[in-house]
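Numbering (the numbering used here), first residue to last: 871 to 1064.
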């Protein structure tokens, strides 16, 4: 009798979001492969669906990450489709599919007509003019043609990253020089009084 209770207690799980107990073995939604192989399901089906629904309906991103703790696996389209089908939300699924196809075309266009900044790797589009480019994110100046036809490596730009330290040391040197000449002037004036 005691064994039967323990077995039932093991099947019961507590949802980490809504704090309701549910039977983990009766989950009807497909989960990500990482969580399935590790047998960790801390969310009930309703909260799992709400995570997918919120991510897609609020247009947060085109990628949906598994909501399980310590899992950063991207959910496949099959898992997302099964969740929408199980909860009867086919229009949002169709909208998601059309949006993800559009994002794919946009990414292809970006790869074709832009180059990445050699320092911060942000894609930059040229809209005419000379080949001298300035990245708006990290303020690195570089040549468009060299960036387009060569594999840039990330080179630390010391003058830019340490600009505040260099400016401060310059001002300190100026102050020291000023103090030196001021003391020299005072010594020269004191000779007249002695």
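Yeah, the Cβ is synthetic: ideal placement off N, Cα and C, and Gly gets one too.
Residue i in three-state terms, based on DSSP
i: residue 1003; result: strand
i: residue 938; result: coil
i: residue 1058; result: helix
i: residue 984; result: strand
i: residue 1043; result: helix
i: residue 1012; result: strand
i: residue 1048; result: helix
Best match in the options for proximity to residue i [C-alpha to C-alpha]
i: residue 1006; options: 998, 990, 951; result: 990
i: residue 813; options: 999, 1000, 1010; result: Lying before the first or after the last residue shown, residue 813 is absent from the chain, which here runs from 871 to 1064.
Distance between residue j and residue i (C-alpha atoms, nearest Å)
i: residue 1015; j: residue 919; result: 47 Å
i: residue 1004; j: residue 947; result: 38 Å
i: residue 986; j: residue 937; result: 31 Å
i: residue 922; j: residue 888; result: 15 Å
i: residue 981; j: residue 995; result: 10 Å
i: residue 984; j: residue 934; result: 26 Å
i: residue 914; j: residue 950; result: 15 Å
i: residue 1062; j: residue 1050; result: 19 Å
i: residue 941; j: residue 917; result: 16 Å
i: residue 1038; j: residue 945; result: 49 Å
i: residue 1017; j: residue 1002; result: 11 Å
i: residue 1089; j: residue 1013; result: Lying outside 871 to 1064, the shown extent of the chain, residue 1089 is not represented and no answer is given.
i: residue 871; j: residue 885; result: Only weak support exists for where residue 871 lies, its pLDDT of 45 falling under 50; the coordinates are left without a value.
i: residue 1056; j: residue 1040; result: 24 Å
i: residue 1054; j: residue 1043; result: 17 Å
**OP:** Would you be able to state if there are at least three C-beta pairs under 8 Å between the stretch 917 to 927 and the stretch 943 to 954?
**Re:** yes
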